[in-house]
């Protein structure tokens with residue numbers, strides 16, 4: 166069985182850019198949230214940020230949110246997942262961008278204004 170660290174190392178070795186590593190890691194986390202039993206029982210959908218249908222209400226571009234999960238009850242969770250080196254220091258600005266966007270309202274598919282219920 167391949168360890169998590171081995172998967173991360175492979176992403177870093179095979180990707181030409183840091184963005185490539187991030188994209189692979191985000192897809193991995195999307196798959197994890199959709200298949201790990203605890204999260205799979207809570208979420209009915211997990212979008213990549215670029216695929217989230219209501220992202221335009223939240224600024225559209227890269228806002229620090231990487232994934233959006235919708236629970237079986239219809240609530241939305243904002244997810245930030247980063248594939249930093251173990252020695253990296255996460256800056257306040259990166260966290261602030263995520264929390265600011267996660268605090269904004271957006272129109273859901275029912276036309277109702279809603280907010281993210283949780284941040285992960």
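In my numbering, the protein residues as written are 166 to 285. For each residue, glycine too, the CB sits at the ideal point set by N, CA and C. Keep in mind the model is a prediction, meaning the values are calculated, not measured.
(Q) Can you give me the C-alpha to C-alpha distance between residue 188 and residue 177, rounded to a whole angstrom? (A) 11 Å
Q | 8 Å CB neighbourhood of residue 266 in its chain, flanking five on each side removed | A | 223, 224, 228, 229, 230, 243
Q. For residue 245 versus residue 285, is the C-beta spacing smaller than 9 Å?
A. yes
Q. What residue range is occupied by the uninterrupted beta strand (DSSP E) comprising residue 249?
A. Per DSSP, residue 249 belongs to no beta strand (DSSP E) and is neither H nor E.
Q. Exposed or buried, what is residue 191 when buried is set at 16 or more other beta-carbons lying within 10 Å of its beta-carbon?
A. buried
Q. Between the Cα of residue 206 and the Cα atoms of 220, 183, 236, which residue gives the shortest distance?
A. 236
Q | Residue of 167, 172, 180, 194 minimising C-alpha distance to residue 247 | A | 194
Q) Quick one: what's got a C-beta closer than 8 Å to residue 210's C-beta in the same chain, skipping five residues either side? A) 234, 235
Q. Curious, which full-length beta strand (DSSP E) runs of at least 3 residues does the segment 215-270 contain?
A. 232-236, 241-244
Q: Go to residue 213, then tell me how far its beta strand (DSSP E) extends in each direction, as first and last residue.
A: 208-213
Q: Specify, as a first and last residue, the run of the beta strand (DSSP E) that residue 201 falls within.
A: It is not in any beta strand (DSSP E) - residue 201 carries neither H nor E in the DSSP assignment.
**Q.** Exposure label - residue 327; buried when at least 16 CB within 10 Å
**A.** With the chain covering only 166 through 285, there is no way to say anything about residue 327.
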